[in-house]
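A.B. asks: Chains as they are written, first to last, in the UniProt record's numbering: chain A, 1 to 207; chain R, 1 to 207; chain F, 1 to 207; chain H, 1 to 207. For every residue, glycine included, the Cβ atom is placed at its ideal position computed from N, Cα and C.
Protein chains: 4
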Amino acid sequence: MVRTVGSHGPKTMEAIRKAGLKLIHEHGYEAMTLRQLAAEVGVQVGSLYNHISTKQDLLFDLIKAHMDDLLAELEVRLAGIDGPVERLKAFCAFHVAYHILRKREVFIGYSELRSLDPNHYEEIVGLRRQYERRLTAILEEGRQQGLFQVGDNAVAAYGILAMLTGVCTWFRPNGRLTREQVAEIYSDMVLRGLVPPDQLPASSPLR
Amino acid sequence: MVRTVGSHGPKTMEAIRKAGLKLIHEHGYEAMTLRQLAAEVGVQVGSLYNHISTKQDLLFDLIKAHMDDLLAELEVRLAGIDGPVERLKAFCAFHVAYHILRKREVFIGYSELRSLDPNHYEEIVGLRRQYERRLTAILEEGRQQGLFQVGDNAVAAYGILAMLTGVCTWFRPNGRLTREQVAEIYSDMVLRGLVPPDQLPASSPLR
Amino acid sequence: MVRTVGSHGPKTMEAIRKAGLKLIHEHGYEAMTLRQLAAEVGVQVGSLYNHISTKQDLLFDLIKAHMDDLLAELEVRLAGIDGPVERLKAFCAFHVAYHILRKREVFIGYSELRSLDPNHYEEIVGLRRQYERRLTAILEEGRQQGLFQVGDNAVAAYGILAMLTGVCTWFRPNGRLTREQVAEIYSDMVLRGLVPPDQLPASSPLR
Amino acid sequence: MVRTVGSHGPKTMEAIRKAGLKLIHEHGYEAMTLRQLAAEVGVQVGSLYNHISTKQDLLFDLIKAHMDDLLAELEVRLAGIDGPVERLKAFCAFHVAYHILRKREVFIGYSELRSLDPNHYEEIVGLRRQYERRLTAILEEGRQQGLFQVGDNAVAAYGILAMLTGVCTWFRPNGRLTREQVAEIYSDMVLRGLVPPDQLPASSPLR
DNA sequence: CATGAATGAGGCTTCATTCAT
DNA sequence: GATGAATGAAGCCTCATTCAT
Chain A
1 MVRTVGSHGP
11 KTMEAIRKAG
21 LKLIHEHGYE
31 AMTLRQLAAE
41 VGVQVGSLYN
51 HISTKQDLLF
61 DLIKAHMDDL
71 LAELEVRLAG
81 IDGPVERLKA
91 FCAFHVAYHI
101 LRKREVFIGY
111 SELRSLDPNH
121 YEEIVGLRRQ
131 YERRLTAILE
141 EGRQQGLFQV
151 GDNAVAAYGI
161 LAMLTGVCTW
171 FRPNGRLTRE
181 QVAEIYSDMV
191 LRGLVPPDQL
201 PASSPLR
Chain R
1 MVRTVGSHGP
11 KTMEAIRKAG
21 LKLIHEHGYE
31 AMTLRQLAAE
41 VGVQVGSLYN
51 HISTKQDLLF
61 DLIKAHMDDL
71 LAELEVRLAG
81 IDGPVERLKA
91 FCAFHVAYHI
101 LRKREVFIGY
111 SELRSLDPNH
121 YEEIVGLRRQ
131 YERRLTAILE
141 EGRQQGLFQV
151 GDNAVAAYGI
161 LAMLTGVCTW
171 FRPNGRLTRE
181 QVAEIYSDMV
191 LRGLVPPDQL
201 PASSPLR
Chain F
1 MVRTVGSHGP
11 KTMEAIRKAG
21 LKLIHEHGYE
31 AMTLRQLAAE
41 VGVQVGSLYN
51 HISTKQDLLF
61 DLIKAHMDDL
71 LAELEVRLAG
81 IDGPVERLKA
91 FCAFHVAYHI
101 LRKREVFIGY
111 SELRSLDPNH
121 YEEIVGLRRQ
131 YERRLTAILE
141 EGRQQGLFQV
151 GDNAVAAYGI
161 LAMLTGVCTW
171 FRPNGRLTRE
181 QVAEIYSDMV
191 LRGLVPPDQL
201 PASSPLR
Chain H
1 MVRTVGSHGP
11 KTMEAIRKAG
21 LKLIHEHGYE
31 AMTLRQLAAE
41 VGVQVGSLYN
51 HISTKQDLLF
61 DLIKAHMDDL
71 LAELEVRLAG
81 IDGPVERLKA
91 FCAFHVAYHI
101 LRKREVFIGY
111 SELRSLDPNH
121 YEEIVGLRRQ
131 YERRLTAILE
141 EGRQQGLFQV
151 GDNAVAAYGI
161 LAMLTGVCTW
171 FRPNGRLTRE
181 QVAEIYSDMV
191 LRGLVPPDQL
201 PASSPLR
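1. Note down, in chain order, every chain R residue with its Cβ under 8 Å from the Cβ of A:T169.
2. What residue range is occupied by the uninterrupted alpha helix (DSSP H) comprising F:G49?
3. Output yes if chain R places a C-beta closer than 8 Å to the C-beta of A:S53; else output no.
4. Taking only the alpha-carbon atoms, compute the straight-line gap between H:P10 and H:S111 and give it to the nearest angstrom.
5. For a cutoff of 8 Å on Cβ pairs, would you count F:D188 as touching chain H?
6. According to DSSP, simplified to helix, strand and coil, what is F:S115?
7. Counting only runs of 4+ residues fully inside the region 76-117 of chain A, write out the alpha helix (DSSP H) ranges in chain order.
8. Establish whether the CB of A:V43 and some CB of chain R are separated by less than 8 Å.
9. If we ignore side chains and look at the alpha-carbon of each, how far apart do A:D152 and R:L59 end up?
10. By the three-class DSSP mapping on this structure, what secondary structure does R:G20 have?
11. Please return the same chain residues whose Cβ sits closer than 8 Å to the Cβ of F:T4, not counting the five positions on each side in sequence.
12. Counting only beta-carbon atoms, is R:A93 nearer than 8 Å to chain A?
13. Applying a beta-carbon distance threshold of less than 8 Å, which residues of chain A neighbour R:I100?
14. For H:V96 versus H:V167, is the C-beta distance shorter than 8 Å?
15. Terminal residues of the continuous alpha helix (DSSP H) containing A:S187?
16. Pull out every residue of the region 127-143 of chain H whose Cβ sits closer than 8 Å to any Cβ of chain F, in chain order.
17. According to a CB-to-CB cut-off of less than 8 Å, which residues of the region 110-127 of chain A neighbour chain R?
18. Closer than 7 Å: is that where the CB of F:Y29 sits relative to any heavy atom of the ligand PLP?
19. Can you list the residues of chain R that A:L58 reaches, using a CB-CB cut of under 7 Å?
20. Tell me where the alpha helix (DSSP H) around A:Y29 begins and ends.
21. Rounding to the nearest angstrom, what Cα-Cα distance links F:V85 and F:Q44 in this structure?
22. Verify the CB distance criterion: does A:V106 have a CB-CB separation below 8 Å to chain R?
23. Any idea if F:A137 is buried or exposed, counting beta-carbon neighbours within 10 angstroms, 16 or more meaning buried?
24. Establish whether the CB of H:D152 and some CB of chain F are separated by less than 8 Å.
25. Indicate the three-state DSSP secondary structure (helix, strand or coil) for F:Q36 in the structure shown.
26. How about R:R77: is its C-beta nearer than 8 Å to some C-beta of chain A?
27. Thinking C-alpha only, which one of H:R17, H:R87, H:Y158, H:Q149 is nearest H:L74?
28. What is the rounded straight-line gap between the Cα of F:S47 and the Cα of H:R134?
29. Measuring CB to CB, does R:I124 end up less than 8 Å from R:M163?
30. Counting only beta-carbon separations shorter than 8 Å, does R:I185 have a partner in chain A?
31. Quick check on A:E30 - is its C-beta less than 8 Å from some C-beta in chain R?
32. Can you find the residues in the same chain that come closer than 6 Å, C-beta to C-beta, to F:I160, ignoring five residues on each side of it along the sequence?
33. Taking CB distances under 8 Å as the criterion, tell me whether R:T165 reaches chain A.
34. Would you mind working out which of A:L70, A:Q145, A:K103 sits nearest A:R172, comparing C-alpha positions?
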């Protein structure tokens, strides 16, 4: 249990967020105690309340910040990319990369939804729907242009998201495959699941 | 909220398991209290201890029983089916069906792993690996026979499992699609992600 | 700090009420801690919650029981007594006696009103008004019969109640005066404050 | 809720006393928190300690100042008044007026005595006794001159003080009666409770 | 087997107070 | 003189677990 003794002043809030992320990821929100959190930060339990208003609020803050980032970075990534196939590839690559790099936020964002207060829950679910709509819009566009063969638009979106997100479960930074390789493999799988072979871009080797 | 008031005799243990499943699914293991459980069963808290030895043990029992069933039923389903393509289709259909029918067990089996004691954890993870090996074996067989084009065997297995398992997240019993339709859609997506078009069985319309 | 070690079973609730009365009287509701209460009862803090639902509820219970008793016993005391003068004397005697015998309940009933939840507060204030109306009814009756000379009915009632109630502040069980003597002195003062001398009953010596 | 935002300089202490008076009256000393106090003053919690040394000390200051004022103003009021009957009337009128005008100080001075440290408690009780002795001296003088008929000197004093003080409980500034009328009514009641009718001054109509 | 009550640890939160800036 | 953050104790309450009846 690392102890950043003497963390002080405006840095404390950042330390709390970081420690909260770590502990909630490890033990779950319900199982994490503020004693653990305070110890990890290197501070007395009561001092936490100079920075957060409630354990519940800390959870919401973390998830909200994650969702905001996710949406904002996706926007940046898709900007200027045209055509459903290229946009889908970009989406997949982005999703995999983000989910590898911010594994813990992602995990918490999914698994601790039920620990949110009803109001907080609604807000986060709304953001999540916004994100999903980015993908369904691409699928719909591709379908209308006759590029994608999709049994059901929504089912396909759910399936794709679940598959891509699964990367969090097993990816290890120093494993056999690099982040880019994994993104490539997944993008391929998704595209081949949707695009008739003769429409596949030449750049996608059937390796 | 079913409440088997005054449940007696050997039925109580069954009621506890059922209520536990429900409550852990709703609130999570850490968040569920034995008071809630007792109330759901229609019994006083102390009485639970005539049937379970520990809250932790109840969790393990539920997950273990689920894993045993999963493995046993898969065995039954694959029995007598030959050829990687057909076996893969059977696997997908089974996985989807089971995950739809026993949503709560499945969810708990994934999300509450971290709440298990180390020993219990190891045992369950072992069973889970057994299950995954059933899939990788099929993939490997298909690859060796030149039927599947897989970038990476393990990555493909993880991707497939994550995608199929995702069905729990969104499937609603009385929704637009039947269980069979969903199984078909998913099987298709998986097969097309792995099998070169000319190898696809005629029975799989590219609808 | 007396410790009734081993208090058990159905006696515990009674012990809690008794200890609560004592401690709230001594330190005030806000200042009394459940640690103190549990220690006084001879029990762990958590055990209190097998008998009370909340610190606030204990306070309400104590005050409510006191008000119910006060009203019930007054009814008994006034039963069968006729005529405003005799009824006023009986009221005074009863009030003084009750307030001497149940000093602590009385004190708490006054001073901790503000610590009650709004709902509880309203209920108790309603009962208190009922009690005051018993006195104003007597005063009004006496005034209509020309027996009492009262500047203002309500002011007189408040004045009388405040005076009589003040006995709690100073009376000591083994002091110079007996409970009956004090009741007599107070009754006299009240009657002489209201009744013209020629209407005073012969039984009230101007000693 | 007046909020003197940004109160500066020597005015802050006065604002603290005023806010303290209000909040202790409303919630009681134990229930009032320094956070509430600071908010009411329009200052951060820590800043309070530039003006007070302790929460306990603030309480003592407020009560002590009240008692000092009470004694000093009584002295002024009684100065130059001769004869037990007139002095008693003056005492009653003063007591009622003061208790109406400084309701909150009075209330706190009674009800928060028990929240004082032992040393502070003794000092305040001493001052209170000084005040009571002013009344008993008048009663004793009247008795020796054969003007008052008192069953018991001390009991009478307690009774009178309790009655007069009770005015705090119900008087409303814009109610049916003026402060002067109430003082008159109370004085009458007290005098008639003590003075044989033939000794009553002509100025006191038996209205 | 069920119950009700006890335990002791620990949960989140708030408190009065201190002190560097 | 004001501020914000730290402290450590303590607040009420809930928990899983035990056990006599």
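C.D. replies: In terms of the structure at hand:
1. Locating residue 169 of chain A in the first sequence gives position 169, where the first residue counts as 1. Simply Y158, A162.
2. Walking along the third sequence from the start, residue 49 of chain F turns up at place 49. In the sequence under discussion, the amino acid at residue 49 of chain F is Tyr, which differs from the Gly named in the question. F:Y49 -> no alpha helix (DSSP H), and no H or E assigned at all.
3. Taking the first sequence and counting its residues from 1, the one referred to as residue 53 of chain A is at position 53. It does not; no Cβ of chain R falls within 8 Å.
4. Translated into positions along the fourth sequence, residue 10 of chain H becomes position 10. Translated into positions along the fourth sequence, residue 111 of chain H becomes position 111. Those two C-alpha atoms are separated by around 29 Å.
5. Within the third sequence, numbered from 1, the residue matching residue 188 of chain F stands at position 188. Yes - at least one Cβ of chain H is within 8 Å of the one on F:D188.
6. One-based indexing of the third sequence puts residue 115 of chain F at position 115. Three-state result, F:S115: helix.
7. 84-101, 103-111
8. For the purposes of this step, residue 43 of chain A is identified with residue 43 of the first sequence, where counting begins at 1. No, A:V43 does not count as interfacial toward chain R.
9. Counting from one through the first sequence, the residue named residue 152 of chain A turns up at place 152. Counting from one through the second sequence, the residue named residue 59 of chain R turns up at place 59. The alpha-carbon atoms of A:D152 and R:L59 are separated by roughly 37 Å.
10. Stepping through the second sequence from its first residue, residue 20 of chain R is reached at position 20. Looking at R:G20 - three-state DSSP - the assignment turns out to be helix.
11. The residue given as residue 4 of chain F occupies position 4 in the third sequence. Unreliable positioning characterises F:T4 in this predicted model, as indicated by a pLDDT of 38, which lies under 50. A coordinate reading is not provided.
12. Taking the second sequence and counting its residues from 1, one reaches residue 93 of chain R at position 93. Chain A contact via Cβ: absent.
13. Looking up residue 100 of chain R in the second sequence gives position 100. Per Cβ cutoff of 8 Å: no residues; R:I100 is ~13 Å from chain A at best.
14. Within the fourth sequence, the letter at position 96 stands for residue 96 of chain H. Within the fourth sequence, the letter at position 167 stands for residue 167 of chain H. Cβ distance < 8 Å, so H:V96 and H:V167 count as in contact.
15. Within the first sequence, numbered from 1, the residue matching residue 187 of chain A stands at position 187. Segment 179-194, the alpha helix (DSSP H) holding A:S187.
16. none
17. S111, R114, S115
18. No copy of the ligand PLP occurs in the structure displayed, which carries no ligand at all.
19. Translated into positions along the first sequence, residue 58 of chain A becomes position 58. Here the premise fails: no neighbours, minimum Cβ distance about 16 Å.
20. The sequence position of residue 29 of chain A within the first sequence is 29, counting from 1. Unbroken run through A:Y29: none, as it is neither H nor E.
21. Against the third sequence, residue 85 of chain F aligns to sequence position 85. Against the third sequence, residue 44 of chain F aligns to sequence position 44. Computed Cα separation, rounded: 53 Å.
22. The residue labelled residue 106 of chain A in the question sits at position 106 within the first sequence. Closer than 8 Å: no.
23. Here the question's residue 137 of chain F lines up with position 137 in the third sequence. With fewer than 16 Cβ atoms within 10 Å of its Cβ, F:A137 is classed as exposed.
24. What you label residue 152 of chain H is simply residue 152 of the fourth sequence in a count that begins at 1. By this cut-off, H:D152 is an interface position.
25. In the third sequence, residue 36 of chain F corresponds to position 36, counting from 1. Note: F:Q36 maps to helix in three-state DSSP.
26. Residue mapping note: residue 77 of chain R aligns to position 77 of the second sequence, counting from 1. False, the Cβ-Cβ gap to chain A never drops below 8 Å.
27. Position 74 of the fourth sequence holds residue 74 of chain H. Comparing Cα-Cα distances from H:L74 to each of H:R17, H:R87, H:Y158, H:Q149, the minimum goes to H:R87.
28. As a position in the third sequence, residue 47 of chain F is number 47, starting the count at 1. As a position in the fourth sequence, residue 134 of chain H is number 134, starting the count at 1. If you take the alpha carbons of F:S47 and H:R134, they lie about 51 Å apart.
29. Within the second sequence, the letter at position 124 stands for residue 124 of chain R. Within the second sequence, the letter at position 163 stands for residue 163 of chain R. It is not a contact, given that the beta carbons lie outside the stated cut-off.
30. Here residue 185 of chain R corresponds to residue number 185 of the second sequence, with the count starting at 1. Cβ-Cβ to chain A under 8 Å: yes for R:I185.
31. Here residue 30 of chain A is taken as the residue at index 30 of the first sequence, counted from 1. Yes, A:E30 counts as interfacial toward chain R.
32. Indexing the third sequence from 1 puts residue 160 of chain F at position 160. Closer than 6 Å at the Cβ level, and outside the excluded window around F:I160, lie V190.
33. Position 165 of the second sequence, counted from the start, is the residue given in the question as residue 165 of chain R. It does; some Cβ of chain A falls within 8 Å.
34. As a first step, residue 172 of chain A must be located in the first sequence, where it is residue number 172. Comparing Cα positions, the closest option is A:K103.
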